[in-house]
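Here the structure comes first, spelled out in structure tokens, and everything after it is commentary.
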Amino acid sequence: MSELLASRLCDELTKLVLIDPHTHINPHSPASKTLADIMGYHYYTELAHSAGMPKSYIEEPGLDPRTKVGRLVESLSNLDNTIQVSWLVELCRKFFGFNDDRITPANWESLYDTSAAKMAEPDWEDQCLRQSGIERVFLTNDFDDPLEGFDTHKYIPCLRTDDLVFHLGKPEVRARLAKATGIDFVGGTTLRRAIGKLFEHFSAKGVRACAISLPPSFAPVAVTVNEADAALKLLLKGESLSPEDATTVSRFVFWTLTEYCVEYKLPFDLMIGVNRRVYPEGVFQGQDLFDQRVSLIQYQTLFNAFPQVKFPISVLAQISNQELVSYSWIFPNVYTNAHWWYSNIPAYIEIDTKARLQAVPRNKQVGYYSDMYKLEFAWPKFSMYRQCLSRVLAQDFVIARRWSEEQALSFGRQVLRGNVETIFGV
Amino acid sequence: MSELLASRLCDELTKLVLIDPHTHINPHSPASKTLADIMGYHYYTELAHSAGMPKSYIEEPGLDPRTKVGRLVESLSNLDNTIQVSWLVELCRKFFGFNDDRITPANWESLYDTSAAKMAEPDWEDQCLRQSGIERVFLTNDFDDPLEGFDTHKYIPCLRTDDLVFHLGKPEVRARLAKATGIDFVGGTTLRRAIGKLFEHFSAKGVRACAISLPPSFAPVAVTVNEADAALKLLLKGESLSPEDATTVSRFVFWTLTEYCVEYKLPFDLMIGVNRRVYPEGVFQGQDLFDQRVSLIQYQTLFNAFPQVKFPISVLAQISNQELVSYSWIFPNVYTNAHWWYSNIPAYIEIDTKARLQAVPRNKQVGYYSDMYKLEFAWPKFSMYRQCLSRVLAQDFVIARRWSEEQALSFGRQVLRGNVETIFGV
Amino acid sequence: MSELLASRLCDELTKLVLIDPHTHINPHSPASKTLADIMGYHYYTELAHSAGMPKSYIEEPGLDPRTKVGRLVESLSNLDNTIQVSWLVELCRKFFGFNDDRITPANWESLYDTSAAKMAEPDWEDQCLRQSGIERVFLTNDFDDPLEGFDTHKYIPCLRTDDLVFHLGKPEVRARLAKATGIDFVGGTTLRRAIGKLFEHFSAKGVRACAISLPPSFAPVAVTVNEADAALKLLLKGESLSPEDATTVSRFVFWTLTEYCVEYKLPFDLMIGVNRRVYPEGVFQGQDLFDQRVSLIQYQTLFNAFPQVKFPISVLAQISNQELVSYSWIFPNVYTNAHWWYSNIPAYIEIDTKARLQAVPRNKQVGYYSDMYKLEFAWPKFSMYRQCLSRVLAQDFVIARRWSEEQALSFGRQVLRGNVETIFGV
């Protein structure tokens, strides 16, 4: 009974056209051109590597797209259980007329050709969006992105700030900042002014969020300009900073960004808990992991200091979900934001969704974002989420709490789309 | 199949009259008088605030009950998904003839009047208890509660000790202690004697448990009187204590309380993991959260030192449940105690219950307490628990392990009531 | 529907004959002789103790087997809910013609006699293995085990190294090492040589894995011989080591073991997260617990330094499973290994299995080991796992992802047996 009900709810929810509130789409090349663009997604290269394929075989310089796909297909027999490979198969069935349930050495070449032909159609980008039920897409823009040459109504700018907070010690980052703002900062005051220029620029282009990913150790607090000045002086001299000084710089920049979020009325997406380059010999983008020993109590000062700023929060460790639920239930400015990366599998989405739907105000939950690099992935990823969401709505609301199906669908639509509109103001 | 079975088990378990082993009932005013008493429960004010209602609007001084309810009802459209609001609707349907499935600006006023009339009936307290299937209720008494003027058979005293362990630095706490005991303590020895007076008084009134809530950082160990004396001397001088000295005082008092639990044969309820005032601008009782980085290993010394004391333990973080299960499975004096606060939602109750029923001796599990401030909440909260419990009994015992329904019910009755009797000696 | 499907899958999977990749079987006495051998398993003694039976009653010296069983049976009415007692009942029904669903004071004596007669049959060991569907069994051998007098094809040696890494400070451990290797080590270089001798010996006997259990605090890194020498000098003088020096020794030995795993091409089973003797007054083997605040990030250096070594990893805390899943998905040399001890109950097996099947390459998952001390336990423990596995295959693959039953079974067979063969090279 609950399976049929969930399936019925899912069919209805699939009719809703969505705004995807976090992606890594390149608006100048949003869709794929060949299966190599699709299978080059780090999930496939890192899983192929994990299953035993040498990095040098996967990432051999100069590989043509077809050869690369052929190589990755060799590993799929070890990976067909993964939800990530199910995304791949689902999108090929949806978009490219693929009829098998596995991609194999025997059938991939015709799929390669069929899909390449489809992706070569001049309106492929629009076809893909339309078939996927997506009408607008948030981007992840470098702080010095000119934001020119694309439709910022369809592809919504989002100011990504990891480089500013964690990599200001790199001369190339400072050079990019100087070039983007015309300000060569010499201390906290000028750095703050430079950052203000970025907000001004992004704001003029319709930015809808500031965003950052954060390591488990980070704990934001206010830093005075004087404290920042001392650390920035060393940084500008090119000295390698002590951990304390590096933290001072990170905190100063982070706090400054949040202050500008007040001024520009921007939500600040916090993606909490990633350790970068844990496996430096991993494939491109397949090197990061996490330490689950992190707590939102580290953000207590921030949440108290900025009641005006909305913080949509993603957590990497599944065990952080209960803290996220509880902090969202208490703090008016904390919002639950989707299911991120290592927590983005049905087993975790489903238990996290259950807790959120049961305990967080319904207007404070962003159900899902795709985090995609290419448009083709919105369909299978949102489908996965819709299935989890529908099962929870069926079991915990229609069956356990006797909601009508329409009440459940209305709640589903709100977390899928309505809250994206109200929280990000789109 | 499993849904019908669970429902059948739940119906049977609902017939059992219960003892509620932890509440915040005021025995001089146990039931509500208006819907404002009911909706004044911190769950509704904090969720309304979290969903966007200003604290000043919710907690405006001098608000009459009807206006307060009208204001809170405005927020319910953002909160109807929460299990807490389902408690509210369920109790209104159970007790007040409410027939809708939502409380809205359009229907709340008649509910307000109907419920006020019902609550004005002279025997409302008894009606409510009888309809709820509750016959005795544990209290949470301040250490200086005279415990006079109520039926201590029905409302069972429980000595709450947070003030003694964590707030002895406040002059008003010391004044209350002196007044309650006739002892103005000057050091560890006299403090111990004063605490003894409290146990003597509570014991004469039929106390059935000592209880305390503890922050994630707390780790009890024995402290000598000499060590305590040094810290207490500073405290009595009115100096603000260093963290180390404050810890010494807390540990000394905590250890002393446990020693008296031996002497008076009292279980010591430990509620582990709350950080107070994380959000100081939150509404009344809506300011506390937690840091999930806590371990029962912090209580290793305590559990070893007091084999004679029963420790019914509640954990705030859901991730602590496996430790609780494992420590209860190994330590004879560790007991699992219900589902506390941020873990008291079906999503977590169900997975925690599964693990407990599968791995902890059946005589060591207290299934549930309501934690209620007003009697009307026992019904919906225990109902929620019974539904979770019944699903687990159905799936994991009747279906998976082929228990008879009667065997499952017998187990259910034991965790619902039998163990409350044997563990607390009521 | 999903229950019938799961049951059908389970029946098919039960036909597969297995290799058990981790046990504590004594190959000189692999099967039980009486019910006392079976009920002497620490699960029953520790649970009986936890439920209220004094240790002195359970472990009274000189107890004859029948009396011991009679005593333990007294506690079963408090324990029949536990999955561990269900193993006991299941094995009695499977092997000894037991027809009841509970072992009670009224029926245990005839069971005792029937089972003793069965276990006295000369081919009981083979009968038990055959009925259990097990053909080969990994052992846990002390480093100085002569590995003589048994069939190392059936009972596969595995070098257990806890004593070397954590107890080299004990003179008796050093004496055993000297006796086993002929080398009385005087520093890092000679210690390394002695350890090499152990690998040489074990390798000649067909060892298939090196193994160790590790406390939550352990974090392996390389230690130079010079650093090791300083700490070893103190150790050899019989001085009690500082925590830092003890850590240096542990790390040196651990790193050395891993280097030999490269040389001898052995997987290194890491069982992460146990604190020993948390409850020193507990029954034999019923004293260990854990601190869940541990992260696989502590093993980052190791995983990077030894890409050639396979690390099948077991985690004690259930919350560590997501890290295990994620590290296995990224690191080619990290493998998921079964469900260990406090996580070895259906509630946790099922959610952990869901995440693993959904996100870890299928060739990197060892589904289960029994961890048994006596052969009779393979049947009920693997049965429990097969039921969990079948439910996950039914729900998450056949139903949710429309796999054929044969595809699901093929995946099930791979995690149950195929990967044991490929990962351990048996």
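Protein chains in written order, with our numbering: chain A, 34 to 459; chain B, 34 to 459; chain C, 34 to 459. Glycine is no exception: its CB is placed at the ideal position from the N, C-alpha and C atoms. Remember, it's a predicted structure, so these values are computed and weren't measured experimentally.
Beta-carbon gap between residue i and residue j smaller than 7 Å
i: C/A81; j: C/I91; result: yes
i: A/R395; j: B/N114; result: yes
i: A/P98; j: A/T67; result: yes
i: C/L192; j: C/C243; result: yes
i: C/F344; j: C/V311; result: no
i: A/I330; j: A/L247; result: no
i: A/T369; j: A/L422; result: no
i: B/Q351; j: A/Q351; result: no
i: B/R326; j: A/S328; result: yes
i: A/T173; j: A/K238; result: no
i: C/L357; j: C/Y375; result: no
Segment limits, beta strand (DSSP E) that includes residue i
i: A/E168; result: I167 to F171
i: B/N370; result: V367 to N370
i: A/P345; result: F344 to V348
i: C/A380; result: Run containing C/A380: none in the beta strand (DSSP E); it sits in the alpha helix (DSSP H), P379 to A392.
i: C/A475; result: Limits of chain C in this structure are 34 at one end and 459 at the other, which puts residue 475 of chain C out of reach.
i: C/R193; result: C191 to R193
Neighbour list for residue i in chain A, Cβ cutoff strictly below 8 Å
i: B/E233; result: Result: empty, since nearest Cβ-Cβ is about 39 Å, beyond 8 Å.
Contact list for residue i against chain C, beta-carbon separation under 8 Å
i: A/I352; result: I352 and Q355
i: A/V311; result: I330, Q333 and I363
i: A/Y381; result: Q355 and A388
Residue nearest to residue i in terms of C-alpha spacing, selected from the options
i: C/A279; options: C/G103, C/P253 and C/V102; result: C/P253
i: C/Q420; options: B/D429, B/P313 and B/F301; result: B/D429
i: B/S361; options: B/Q398, B/A39 and B/T194; result: B/Q398
i: A/L408; options: A/D159, A/A388 and A/F301; result: A/D159
i: A/K151; options: A/L124, A/Y74, A/W373 and A/V102; result: A/L124
i: B/S236; options: B/C294, B/F199, B/N259 and B/P276; result: B/C294
i: C/E266; options: C/A149, C/G221 and C/Q117; result: Note on identity: in this sequence residue 266 of chain C is Lys, with Glu being the wrong assignment. Cα-wise, what sits closest to C/K266 is C/G221.
i: B/G229; options: B/I245, B/W288 and B/G271; result: B/W288
i: A/N337; options: A/L197, A/P313 and A/A255; result: A/A255
Segment limits, alpha helix (DSSP H) that includes residue i
i: C/F235; result: G221 to A237
i: C/I116; result: I116 to F129
i: B/M304; result: Note, B/M304: premise wrong, no alpha helix (DSSP H); beta strand (DSSP E) at F301 to I305.
i: A/L265; result: V258 to L269
i: A/I52; result: That residue, A/I52, is in no alpha helix (DSSP H); its beta strand (DSSP E) goes L51 to D53.
i: B/F176; result: Unbroken run through B/F176: none, as it is neither H nor E.
Interface residues of chain A facing residue i [CB-CB closer than 7 Å]
i: C/L390; result: N114
i: B/I378; result: A388, Q391 and A392
i: C/F457; result: Within 7 Å Cβ-Cβ: nothing; C/F457 doesn't reach chain A, min ~16 Å.
Contact set between residue i and chain A, taken where Cβ atoms lie within less than 9 Å
i: C/K397; result: S83, A84, G85 and N111
i: C/P394; result: L80, A81, S83, A84, G85, S108, N111, L112, N114 and T115
Cross-chain neighbours of residue i in chain B, by beta carbon under 7 Å
i: C/S119; result: R434
Under 8 Å by beta carbon: chain B residues contacting residue i
i: A/S32; result: The structure shown does not extend to residue 32 of chain A, since chain A is modelled only from 34 through 459, so no value can be given for it.
i: A/I384; result: A380 and I384
Chain-ordered chain C contacts of residue i [CB-CB under 9 Å]
i: B/F339; result: Ordered by position in chain C, no residue passes the 9 Å Cβ test against B/F339, which lies about 12 Å from the chain.
i: A/G95; result: Within 9 Å Cβ-Cβ: nothing; A/G95 doesn't reach chain C, min ~24 Å.
Interface partners of residue i on chain B, CB under 9 Å
i: C/E314; result: N337 and P340
Exercise for the section: Return the residues of the region 54-75 of chain B that lie within a Cβ-Cβ distance of less than 9 Å from chain A, sorted by chain order. Expected result: The region 54-75 of chain B vs chain A, Cβ under 9 Å: nothing.
Exercise for the section: Using a Cβ-Cβ cut-off of less than 8 Å, list which residues of the region 416-437 of chain C approach chain A; keep chain order. Expected result: Against chain A - using a Cβ distance shorter than 8 Å - the residues of the region 416-437 of chain C are D429, F430, I432, A433, R434, R435 and W436.
Exercise for the section: Pull out every residue of the region 322-336 of chain A whose Cβ sits closer than 9 Å to any Cβ of chain C, in chain order. Expected result: Those would be L322, F323, D324, Q325 and R326, in chain order.
Problem - Residues of the region 289-308 of chain C whose Cβ lies closer than 8 Å to any Cβ of chain A, in chain order - result: Cβ contacts with chain A come from no residue of the region 289-308 of chain C.
Practice task
Can you give me, in chain order, the residues of the region 441-452 of chain B that have a beta carbon less than 8 Å from any beta carbon in chain C?
Solution key: If the cut-off is 8 Å between Cβ atoms, the region 441-452 of chain B has F444 near chain C.
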